[in-house]
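Residue numbers (this note's numbering): 3 to 416.
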Ligand code: GP9
Ligand code: MN
């Protein structure tokens, strides 16, 4: 019964069917390479520090890609894993903890499985331990064929920092594995170096000139973002060298913020302005870039967030799930726009308004406005989160299989 309530809601409000945009199928049959940019916020793009670009490679890449500037992260306590959870499932993260840890044995109908229906092989590359965020277990549940974790890499004191390999050796050591995957593949790469507390001491890893006044956390963040940008550049070079570039679509996203609110004072100095409540919201924007080799770049202004990534990818890849599913996302290529990004704490943003700390704000002026301008959305926001939670806590996707609504996939367990 509960699953039908969630379905009815999605049918009515969201349109459960995949929205087909004018870009539908443009990347049909290509390998999918997904790159999680650790802690990377959008404000570092096209920004200079001491006269130097922080993300020179990404700045160029954006011009040559589909770029979505009105894009927010929607993660909660599960951080990187929340972003992964949204992207693979089109469901919201949980309000506490991580679904990877709390619900690893549910029936999901995740991106690896949907792509498997099209004969895609799926693998994750991440040089942390496989137990972190319970990834080893959750990836099996989600349908990944292979997880290349720390034990698959040569990790030394020199080539690692914090949780694992530095991003440059990480991509370098991943290439031989990637080359040998059956094609087409879905390969997910989780970068790691740009992680709090942003420590990267080695001279060879410095690509920004800093002075002695630049020792604070915010400047360290810029230095590690710059390193990450260099790593992405080298990865693209390697993909080209190995002949993998042209037949792949490369999707990059920032998983969540890196500079938390407690560093607002330091950040204000760099930005040269006071950070208001709506500025703080703008700081929750993260990069979202879809690079399709051979296609011209275009800025796409749809308002969206991480829960929309799955539908957006399926749209451009021209893949339709064979079974019915529950998905709270919407293709950001579609002209049929949702115009709403829901955050896990019940706050939200539309094209015009932002609802933050229970106050309603006009986004463009940053001024507080009458609450009733936000109230029409409140009910929908509550329902989105409530139905998503009910699917996760009730393990409801298993019922979609069982009551014969859908075509049964014999490879799935009962
Ligand atoms: C660690 C990576 C980063 O494996 O997921 O941690 P997080 O950003 O989730 O704290
Ligand atoms: Mn993260």
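We put the beta carbon where it would ideally sit given N, CA and C, even for glycine.
Query	Result
At a cut-off of 7 Å, is residue 82 close to ligand 1 when judged by its beta-carbon and the heavy atoms of the ligand?	yes
So what does DSSP say about residue 328, is it helix, strand or coil?	coil
With 16 as the cutoff for other CB atoms within 10 Å, does residue 33 come out buried or exposed?	buried
Rounded to a whole number of angstroms, what is the C-alpha to C-alpha distance between residue 153 and residue 359?	43 Å
Could you check whether the Cβ of residue 75 sits closer than 7 Å to any heavy atom belonging to ligand 1?	no
Under a three-way DSSP split, which group does residue 414 fall into?	The pLDDT assigned to residue 414 is 32, lower than 50, so where the model puts this residue is not dependable; a value taken from the coordinates is nonetheless given after this. Correct three-state label for residue 414: coil.
Answer yes or no: do residue 28 and residue 294 have a C-beta to C-beta separation smaller than 8 Å?	yes
Closer than 7 Å: is that where the CB of residue 131 sits relative to any heavy atom of ligand 3?	Of the ligands this structure carries, namely ligand 1 and ligand 2, none is ligand 3.
Where does the unbroken beta strand (DSSP E) through residue 390 begin, and where does it stop?	Run containing residue 390: none in the beta strand (DSSP E); it sits in the alpha helix (DSSP H), 377 to 395.
Give, in chain order, every unbroken run of the alpha helix (DSSP H) that is at least 4 residues long and sits entirely within the stretch 164 to 215.	169 to 181
Return yes when the Cβ of residue 82 is within less than 8 Å of the Cβ of residue 110, no when it is not.	no
Between which two residues does the beta strand (DSSP E) containing residue 37 stretch?	33 to 39
What runs of the alpha helix (DSSP H), each 4 residues or longer, lie entirely inside the stretch 71 to 128?	81 to 91, 101 to 104 and 113 to 118
Start and end of the alpha helix (DSSP H) containing residue 221?	219 to 243
Would you kindly work out how many angstroms separate the C-alpha atoms of residue 100 and residue 135, rounded to a whole number?	8 Å
Taking DSSP as the reference, what is the three-state secondary structure of residue 138?	helix
Compute the distance between the beta-carbons of residue 129 and residue 146, then report whether it is under 8 Å.	no
Give me the Cα-Cα distance between residue 361 and residue 391, rounded to the nearest whole angstrom.	24 Å
Looking only at C-alpha atoms, which of 289, 239 and 234 sits nearest to residue 258?	289
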